[in-house]
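Undergrad:
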Amino acid sequence: MSELHLYDYTDNALRRKGYKKHYEDEHYLVKDKRIYHGGVDSIWGVRNFFKLFYLRSGPISDVIFHTHGSRGYIHLPKGPIRSSNVGLLKNACSQYLAKPATVLFLGCNVAEGDKGKEFMRKAATAMLGHGGGVMAAYTSKTMSIPWLGQRIPKWGDRVLAVVDKSGNVTIK
């Protein structure tokens, strides 16, 4: 199994150092798992990285998005991933993600409000509907701190989208 960290490569250098620290910590703390990272600029870049890393190491068990976000979307330089286009990841996810898999969005406010929950439901269906898993995002600001890594404030809530093997989604 492998873990894939995707980030916006156009983000400022200090935030990227925070992302880097996060996946370096994962690399040293997690045993028996291949950990990769890559910069993406669009939903098409996400699909391409899924294929690339699948060909290198087999099914991807965990995907972590280190990006900016807002209610119901993930920011990427050439256009966001949102409820209206996340379905474009369905085929790539069914081919390249493990069954079950885990997806984590570390951008600010991704799961906040009705738009956030709608995004979580549609993203979970598209990305994990083929074999189940868990998706998580936050309702508050998140922080990427150079040399410390990604931090989640205590005042925000984590929203989970749990997908069973039949593709049914439950938001918690």
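Taking numbering that gives the first Met the number 0, the leading residue of the sequence shown gets 0, the next gets one more, and so forth.
Every residue gets a Cβ at the ideal spot worked out from N, C-alpha and C, and that includes glycine.
Would you report the Cα separation of His36 and Leu5, rounded to the nearest angstrom?
TA: The residue you call residue 36 lines up with position 37 of the sequence shown. The residue you call residue 5 lines up with position 6 of the sequence shown. Distance between the alpha carbons of His36 and Leu5: 6 Å.
Undergrad: How should Lys153 be labelled, buried or exposed, when 16 other C-beta atoms within 10 angstroms of its C-beta is the threshold for buried?
TA: Counting from one through the sequence shown, the residue named residue 153 turns up at place 154. It is exposed - the Cβ of Lys153 has fewer than 16 other Cβ atoms within 10 Å.
Undergrad: Is Ile170 near Lys114, with beta carbons less than 7 Å apart?
TA: Position 171 of the sequence shown, counting from 1, holds the residue named residue 170. Position 115 of the sequence shown, counting from 1, holds the residue named residue 114. Going by C-beta atoms, Ile170 is not nearer than 7 Å to Lys114.
Undergrad: When DSSP labels each residue in this structure, what does Ser179 get in the three-state scheme?
TA: Lying before the first or after the last residue shown, residue 179 is absent from the chain, which here runs from 0 to 171.
Undergrad: Return the chain-ordered ranges of every beta strand (DSSP E) run that is complete within the stretch 49 to 105 and spans a minimum of 3 residues.
TA: Listed in chain order, they are 59 to 65, 96 to 104.
Undergrad: Given this structure, state the Cα-to-Cα distance separating Asp40 from Leu75, to the nearest angstrom.
TA: What you label residue 40 is simply residue 41 of the sequence shown in a count that begins at 1. What you label residue 75 is simply residue 76 of the sequence shown in a count that begins at 1. Rounded to whole angstroms, Asp40 to Leu75 spans 5 Å at the Cα level.
Undergrad: Which partner residues of Ser1 appear in the DSSP bridge assignment?
TA: For the purposes of this step, residue 1 is taken as the residue at position 2 of the sequence shown. Answer by DSSP bridge pairing, in chain order: Arg33, Ile59.
Undergrad: In three-state DSSP terms, what is His109?
TA: The sequence position of residue 109 within the sequence shown is 110, counting from 1. Inspection of the sequence shows that residue 109 is occupied by Val rather than by His. If DSSP states are grouped into helix, strand and coil, Val109 belongs with coil.
Undergrad: Does the beta-carbon of Gly131 have 16 or more other beta-carbons within 10 angstroms, so that it is buried, or is it exposed?
TA: As a working mapping, residue 131 is identified with position 132 in the sequence shown. Buried.
Undergrad: If contacts are defined as beta-carbon pairs under 8 Å, then Thr138 and Asn108 qualify, I think. What distance do you get, rounded to the angstrom?
TA: The residue you call residue 138 lines up with position 139 of the sequence shown. The residue you call residue 108 lines up with position 109 of the sequence shown. Correct: roughly 6 Å between the Cβ atoms.
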